[in-house]
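Notes for the one structure printed next.
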Amino acid sequence: MPAPGKHRRPKSVSLGRGIAAVTTGGAVLALPVLGATTASAAAAPSVAEKAVTSVSVTAQANSVTKAAPAKHSVVSGESLSKIARDYSVSGGWKKLYEGNRKVIGENPHLIHPGITLTVGAKAAAPSDAKAGKAGKSAPGADRAASAERADRSARAAAQAAPAAAAPTAYTNDLDGWIKESLAVMAQHGIPGTYEGIHRNIIRESSGNPNAINNWDSNAAKGTPSKGLLQVIDPTFRAYHVPGTSTDSYDPVANIVAACNYAADRYGSIDNVFGAY
Numbered sequence: 065m066p067a068p069g070k071h072r073r074p075k076s077v078s079l080g081r082g083i084a085a086v087t088t089g090g091a092v093l094a095l096p097v098l099g100a101t102t103a104s105a106a107a108a109p110s111v112a113e114k115a116v117t118s119v120s121v122t123a124q125a126n127s128v129t130k131a132a133p134a135k136h137s138v139v140s141g142e143s144l145s146k147i148a149r150d151y152s153v154s155g156g157w158k159k160l161y162e163g164n165r166k167v168i169g170e171n172p173h174l175i176h177p178g179i180t181l182t183v184g185a186k187a188a189a190p191s192d193a194k195a196g197k198a199g200k201s202a203p204g205a206d207r208a209a210s211a212e213r214a215d216r217s218a219r220a221a222a223q224a225a226p227a228a229a230a231p232t233a234y235t236n237d238l239d240g241w242i243k244e245s246l247a248v249m250a251q252h253g254i255p256g257t258y259e260g261i262h263r264n265i266i267r268e269s270s271g272n273p274n275a276i277n278n279w280d281s282n283a284a285k286g287t288p289s290k291g292l293l294q295v296i297d298p299t300f301r302a303y304h305v306p307g308t309s310t311d312s313y314d315p316v317a318n319i320v321a322a323c324n325y326a327a328d329r330y331g332s333i334d335n336v337f338g339a340y
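Going by the numbering used here, the sequence shown wraps up at 340, each residue one higher than the last.
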């Protein structure tokens, strides 16, 4: 209960700005007091919030830099060196061959139209920080970097060109004819081995490309057997391989046509051990 003669209500504590009186040695100092009604700065983010923000930014950066490998379908007339130049492959045609060896096969200078090559990762988009720095680079520096890249590509092409352009030399004898025929057969998917071809040639013509049989039943019908593997003209025409000579006495054309026929009828020239 209030004391007699005192009718003032007790003063409530103000939540606004006030003045606090502090005595120091008898002197009164007036100091501002900050109450609950003043605006305060936002609280600093917690460690967990910082971690979440960091992970989010990192994920966004990773999503920008990831890119799928480029796929290239080979067309007629293309070579690994040309494709490597077109895509600016680091390491040139050799690097491109390493990544596609299973698709191309053992000969990097022989690629078939229609096969699909994996060229490598496309260039990733730069992050904001890198983009900012790149934007401040001098035009001269960009031109110098571009010239350096072009020079590297030209050097890689110059190194690859001689290897791709150099044709294989074959001797003009039975050994050379068989080896050249095997190379043509490999391009057209015709089976056969050196031993199988050589064995049948020795039996049929003794290695004479101009041999002709004028006495058997085929000769009696007007279609004598000719050449290294003794092929009659109708069979030669039916199994002639494009790109080889149309002369049935030509050693390579004769071998390849005969092997093509043997593959169709016996599975391979290697399976032939007598008259066929």
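Yeah, the Cβ is synthetic: ideal placement off N, Cα and C, and Gly gets one too.
Note that the structure is a prediction, hence the values are computed from the model and not measured.
Its chain contains N277 as the residues whose beta carbon lies nearer than 7 Å to that of A283, once the 5 sequence neighbours on both sides are disregarded; these appear in chain order. According to DSSP, residue pairing for L181 in a beta bridge involves H136. When the alpha-carbon of N318 is set against those of G141, R207 and S289, the nearest one is in S289. Taken atom to atom, the span from the alpha-carbon of N335 to that of T257 is near 10 Å. Within a 10 Å sphere around the beta-carbon of Y330 sit fewer than 16 other beta-carbons, which makes this residue exposed.
In this chain, the alpha helix (DSSP H) harbouring Q251 covers L238 to H252.
The beta carbon of I265 sits closer than 8 Å to the beta carbons of L238, I242, G271, L292, L293 and I319 from its chain, once the five residues preceding and following it are set aside; these are given in chain order. With distances taken between CA atoms, H176 lies nearest to S143 out of S143, P231 and L160. Residue environment analysis places F300 among the buried positions, since at least 16 neighbouring C-beta atoms fall within 10 angstroms of its C-beta.
Leaving aside the five residues that flank V167 on each side, the residues in its chain whose CB is nearer than 6 Å to its CB run, in chain order, I179. Sequence-distant Cβ neighbours of S309 in its own chain, meaning closer than 6 Å and more than five residues away, are A317. In the structure shown, the three-state DSSP call for S143 is coil. Within its own chain, the residues whose Cβ lies closer than 7 Å to the Cβ of A134, once the five positions on either side in sequence are excluded, are Y151, V183, G184 and K186, listed in chain order.
Following the DSSP letters along the chain, one finds D297 inside the alpha helix (DSSP H) bounded by residues D297 to Y303. In the DSSP assignment, the residues bridged to S289 are N277.
In this structure S332 touches A326 by the C-beta definition: roughly 6 Å separates them, less than 8 Å. If you draw a 10 Å sphere on the C-beta of P231, you find fewer than 16 other C-beta atoms in it, and that means exposed. In the three-state reduction of the DSSP assignment, H176 falls in the coil class, being assigned neither a helical nor a strand state. Taken through DSSP and simplified to helix, strand or coil, E212 comes out as helix. H262 is positioned such that its CB atom lies no closer than 7 Å to that of V305. Distance from the CA of D280 to the CA of R267, rounded to the nearest whole angstrom, comes to 16 Å.
Separation of E212 and A221 (C-alpha to C-alpha, rounded to the nearest whole angstrom) is 14 Å. Within its own chain, no residue has a Cβ closer than 8 Å to the Cβ of N236 once the five positions on either side in sequence are excluded.
Burial state of V139 is exposed, judged by a 10 Å Cβ sphere holding fewer than 16 other Cβ atoms. A straight-line Cα-Cα distance of about 13 Å links A148 and P172. Judged by DSSP in its simplified three-state form, V153 adopts coil rather than helix or strand.
With a 10 Å radius around the Cβ and a threshold of 16 neighbouring Cβ atoms, S312 comes out buried.
An exposed status is given to E259, since fewer than 16 other beta-carbon atoms sit within 10 Å of its beta-carbon.
Taking 7 Å as the cut-off, the beta carbon of A321 is found closer than this to the beta carbon of Y303.
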